[in-house]
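**Q** Encoded as structure tokens, here's the structure I'll be asking about.
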Amino acid sequence: MSRHRTNFSRQPDRLQAYLDGLTRVAGHADRVVPIENYTKGLMLPIERKSVEPMAARLAPGNVRQMHQSLHHIVADAPWSDDALLEQV
């Protein structure tokens, strides 16, 4: 049982290491927060995993700006798809 607790407690570190790898491949510091937000949005317990509902949950006080940020990172992805998929 303690092994499961240890693994569970390491999940934030593993997630951060995964996100660090994605953002490193994305190639620019300005993409770090949007990629992290988009990834968090995908993990939210919401039915629709599209940008608008994710933005509403991630930033209820600033939905418009969050929506724009998430949409930009998805629609205008300037990185290499091959490099990102390899990292994933």
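The numbering of the sequence shown is our numbering, which starts it at 0 and goes up by one.
We treat Cβ as the ideally placed atom computed from N, Cα and C, and that holds for glycine.
Under a three-way DSSP split, which group does E35 fall into?
**A** Mapped onto the sequence shown, residue 35 falls at position 36. Helix at E35.
**Q** Could you please give the first and the last residue of the uninterrupted alpha helix (DSSP H) stretch that includes P52?
**A** Here residue 52 is taken as the residue at index 53 of the sequence shown, counted from 1. First-last of the alpha helix (DSSP H) with P52: 50-57.
**Q** Could you give the first and the last residue of the continuous alpha helix (DSSP H) run that contains V73?
**A** Taking the sequence shown and counting its residues from 1, the one referred to as residue 73 is at position 74. It spans 62-74 - the alpha helix (DSSP H) in which V73 sits, taken as one unbroken run.
**Q** According to DSSP, is G20 part of a helix, a strand, or is it coil?
**A** What you label residue 20 is simply residue 21 of the sequence shown in a count that begins at 1. Helix at G20.
**Q** May I ask you to report which of helix, strand or coil DSSP gives G26?
**A** For this step, residue 26 is matched to residue 27 along the sequence shown. Coil, per DSSP.
**Q** DSSP on P11, reduced to helix/strand/coil?
**A** On the sequence shown, residue 11 is found 12 positions in, with the first residue counted as 1. In the structure shown, P11 sits in a helix (DSSP, three-state: H, G or I).
**Q** In three-state DSSP terms, what is L84?
**A** Taking the first residue of the sequence shown as 1, we reach residue 84 at position 85. The answer is helix: DSSP assigns L84 an H, G or I state.
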